[in-house]
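Colleague:
2 protein chains.
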Amino acid sequence: GDLDYLRDGREIYRRSFATIRAEARLERFAGPLERCVVRMIHACGMVDLADDVEASPGFAAAATAALRGGAAILCDTEMVAAGITRRRLPADNEVVCTLGDPRAAELARELATTRTAAAVELWRERIEGALVVVGNAPTALFQLLIRLEEGWPRPAAVIGVPVGFVGAAESKRALAARRHLVEFLVVHGRRGGSAIAAAAVNALASEEE
Amino acid sequence: GDLDYLRDGREIYRRSFATIRAEARLERFAGPLERCVVRMIHACGMVDLADDVEASPGFAAAATAALRGGAAILCDTEMVAAGITRRRLPADNEVVCTLGDPRAAELARELATTRTAAAVELWRERIEGALVVVGNAPTALFQLLIRLEEGWPRPAAVIGVPVGFVGAAESKRALAARRHLVEFLVVHGRRGGSAIAAAAVNALASEEE
């Protein structure tokens, strides 16, 4: 009947990734970046996501080296943090989300900005060499870029995939225009989100599919 | 410059929802279901998601009444649970994810199925009148439907938006074919995911936009 389903998790993954590789335009990507794009597509169910992906040439190497070296992973929301599969991380890397920190609400009032943007302020001491993951909030990505231009220490790489209708596309264009500042991965346009963000981290963390 | 950004969270929400209502085909939806679809679109950045949404006629009323009555929210993954905004919940509703329960791994071996499907087995005692949210795993939705057909107590409603390339579309068709069993909301096709699932819950939980 229509409730008979494939129960073998590994086989489900194998068929999923085979379908993605058969349907998506992946010619622009190789190695860890290709695996990254495949897993991002897997997380959202849309093979044409590949067409909106842009990464700096050194992104994948910088991000994987940082993870292997034990870099912290700074996430804009708890949903991104929840989506990162801890057992895939190569160095038991710390996964950090400062959005719930009481100081973020206070800073938001002081700086007259959103709480997600204010939470970025609390990354200051941990950002050097970290992997930054913005999966939801355009305002967090804008705030990060402002601080990097002001001379903050540099993260190893930034995954910038905020989603939505106000500032998402603009913040990702702004990141992609700053390859002199930082290695980056973006999904241009309105699409993005925590699942795509976490999938990118999970792909970079381990070669296992 | 290109880093000037809108910093007023309420105004960002207002403009986002106005854009969605201007662009999406929402004529099929009204009241709490319309708010639900708007928020699902907000979570993924795609206004055409509306075209793939199907809900049973009693879905929104059943889901909102259940939440107000203190129903538990049963989630297939931690990412869905992390996306539910606790302060929007009308009755401090319990948010439950059994995927990390050690018994889920054991049951997966016994039943020769995925861990997400096995985790559904642990919903048995809490499912009556609950709001069920499947945001990731088609196998969890299949397993749930099998148990409901076998006579399990009925949840108040099921949000079925698993994502992906193997079983996602099929499991959602199977749910929509069972309106005699349970009130439902689905996004047909491959699209779905934890952000869309959590957004649907957040919309049903409170009228505040």
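Chains F and B supply the protein sequences, listed in that same order.
Numbering-wise, the working numbering comes out as the position in the first sequence, counting from 1, plus 3.
Numbering-wise, the working numbering comes out as the position in the second sequence, counting from 1, plus 3.
Think of the CB as a built atom: it goes at the ideal place given N, C-alpha and C, for glycine as much as any other residue.
Since the model is a prediction, treat every value here as computed from it, not as a measurement.
Got a sec: which bits of the segment 97-115 of chain B sit with their beta carbon under 7 angstroms from any beta carbon on chain F, in order along the chain?
Modeller: From the segment 97-115 of chain B, only 115 have a Cβ closer than 7 angstroms to chain F.
Colleague: If we count Cβ pairs, one from each stretch, closer than 8 angstroms, do we get three or more for the segment 23-33 of chain F versus the segment 165-175 of chain F?
Modeller: The segment 23-33 of chain F is not in contact with the segment 165-175 of chain F.
Colleague: Tell me, please, whether the segment 92-111 of chain F touches the segment 155-169 of chain F by the rule of three or more beta-carbon pairs shorter than 8 angstroms.
Modeller: Contact between the segment 92-111 of chain F and the segment 155-169 of chain F is absent, because fewer than three Cβ pairs lie under 8 angstroms.
Colleague: List the DSSP bridge partners of residue 187(F).
Modeller: Reading the first sequence from its first residue, position 184 is the one you call residue 187(F). Answer is 161(F).
Colleague: Can a CB atom of chain B be found closer than 7 angstroms to the CB of residue 82(F)?
Modeller: Looking up residue 82(F) in the first sequence gives position 79. It does; some Cβ of chain B falls within 7 angstroms.
Colleague: Do three or more CB pairs link the segment 62-79 of chain F to the segment 127-136 of chain F at distances below 8 angstroms?
Modeller: Verdict: yes, contact present.
Colleague: Mapping DSSP to helix, strand and coil, what is residue 169(B)?
Modeller: Position 166 of the second sequence, counted from the start, is the residue given in the question as residue 169(B). If DSSP states are grouped into helix, strand and coil, residue 169(B) belongs with coil.
Colleague: Nearest to residue 129(B) by CA position, among 118(B), 25(B), 100(B) and 139(B), is which residue?
Modeller: The residue given as residue 129(B) occupies position 126 in the second sequence. Closest option to residue 129(B), Cα to Cα, is 100(B).
Colleague: How far does the alpha helix (DSSP H) with residue 151(B) in it extend, from its first residue to its last?
Modeller: If you number the second sequence from 1, residue 151(B) lands on position 148. Start and end: 141-152.
Colleague: Could you name the residues of the same chain whose beta carbon sits closer than 7 angstroms to that of residue 105(F), not counting the 5 residues immediately before and after it, in chain order?
Modeller: To locate residue 105(F), count along the first sequence from 1; it is residue 102. Nothing listed; no residue qualifies.
Colleague: Return helix, strand or coil for residue 57(F), following the three-state DSSP convention.
Modeller: Along the first sequence, one-based indexing puts residue 57(F) at 54. DSSP places residue 57(F) in strand when its eight states are reduced to three.
Colleague: Mind checking the segment 171-201 of chain F against chain B and listing, in chain order, the residues whose C-beta falls within less than 8 angstroms of any C-beta there?
Modeller: Here the close residues are 171, 173, 174, 176, 177, 180, 192, 193, 194, 195, 196, 197, 198 and 201.
Colleague: Listed from N- to C-terminal order along the chain, which residues in the segment 38-66 of chain F have their beta-carbon within a distance smaller than 8 angstroms of any beta-carbon of chain B?
Modeller: Residues 45, 46, 47, 48 and 49.
Colleague: Counting only runs of 4+ residues fully inside the segment 81-117 of chain F, write out the alpha helix (DSSP H) ranges in chain order.
Modeller: Those alpha helix (DSSP H) runs which fall completely within the segment 81-117 of chain F and span 4+ residues are 81-86 and 105-114.
Colleague: Determine whether the beta carbon atoms of residue 35(F) and residue 65(F) lie at a separation below 7 angstroms.
Modeller: Looking up residue 35(F) in the first sequence gives position 32. Looking up residue 65(F) in the first sequence gives position 62. Contact: no.
Colleague: Do residue 169(B) and residue 195(B) count as a contact pair if the criterion is CB distance below 7 angstroms?
Modeller: Counting from one through the second sequence, the residue named residue 195(B) turns up at place 192. Counting from one through the second sequence, the residue named residue 169(B) turns up at place 166. No.
Colleague: Flag residue 142(F) as yes if its beta-carbon sits less than 7 angstroms from any beta-carbon of chain B, otherwise no.
Modeller: By 1-based counting over the first sequence, the position of residue 142(F) is 139. Closer than 7 angstroms: yes.
Colleague: Quick one: which chain F residues come within Cβ less than 7 angstroms of residue 169(B)?
Modeller: Residue numbering aside, residue 169(B) sits at position 166 when the second sequence is read from its first letter. Near residue 169(B) (Cβ distances below 7 angstroms), the residues of chain F are 9, 15, 18 and 19.
Colleague: Buried or exposed: which applies to residue 1(B), given that a residue is buried once 16 or more other Cβ atoms fall within 10 Å of its Cβ?
Modeller: In this structure chain B extends from 4 to 212, so residue 1(B) is not present and cannot be described.
Colleague: Would you kindly report the start and end of the unbroken alpha helix (DSSP H) that includes residue 50(F)?
Modeller: Stepping through the first sequence from its first residue, residue 50(F) is reached at position 47. Neither: residue 50(F) is in no alpha helix (DSSP H) and is coded neither H nor E.
Colleague: Leaving out the 5 sequence neighbours to the left and right, which residues in its chain are closer than 6 angstroms to residue 206(F) when beta-carbon positions are compared?
Modeller: On the first sequence, position 203 is the one that residue 206(F) refers to. Same-chain partners within the cutoff: 38, 39 and 42.
Colleague: For residue 50(F) versus residue 26(F), is the C-beta distance shorter than 7 angstroms?
Modeller: For the purposes of this step, residue 50(F) is taken as residue 47 along the first sequence, with counting starting at 1. For the purposes of this step, residue 26(F) is taken as residue 23 along the first sequence, with counting starting at 1. Cβ atoms of residue 50(F) and residue 26(F): closer than 7 angstroms.
Colleague: What are the start and end residues of the beta strand (DSSP E) that includes residue 77(B)?
Modeller: In the second sequence, residue 77(B) corresponds to position 74, counting from 1. Element bounds for residue 77(B): 76-78.
Colleague: Is it right to say residue 183(F) is buried, meaning 16 or more other beta carbons lie within 10 angstroms of its own, or is it exposed?
Modeller: In the first sequence, residue 183(F) corresponds to position 180, counting from 1. Result: exposed.
Colleague: Can you tell me whether DSSP reads residue 9(B) as helix, strand or coil?
Modeller: Position 6 of the second sequence, counted from the first residue, corresponds to residue 9(B). Here residue 9(B) sits in coil by DSSP.
Colleague: Where DSSP assigns a beta bridge to residue 3(F), which residues make up the other side?
Modeller: Outside the modelled stretch of chain F, which goes from 4 to 212, sits residue 3(F), for which no answer is possible.
Colleague: Could you work out which residue in 141(F), 131(F) and 126(F) is closest to residue 117(F) when comparing CA atoms only?
Modeller: Position 114 of the first sequence, counting from 1, holds the residue named residue 117(F). Looking at the Cα atoms, 141(F) is the closest of the given residues.
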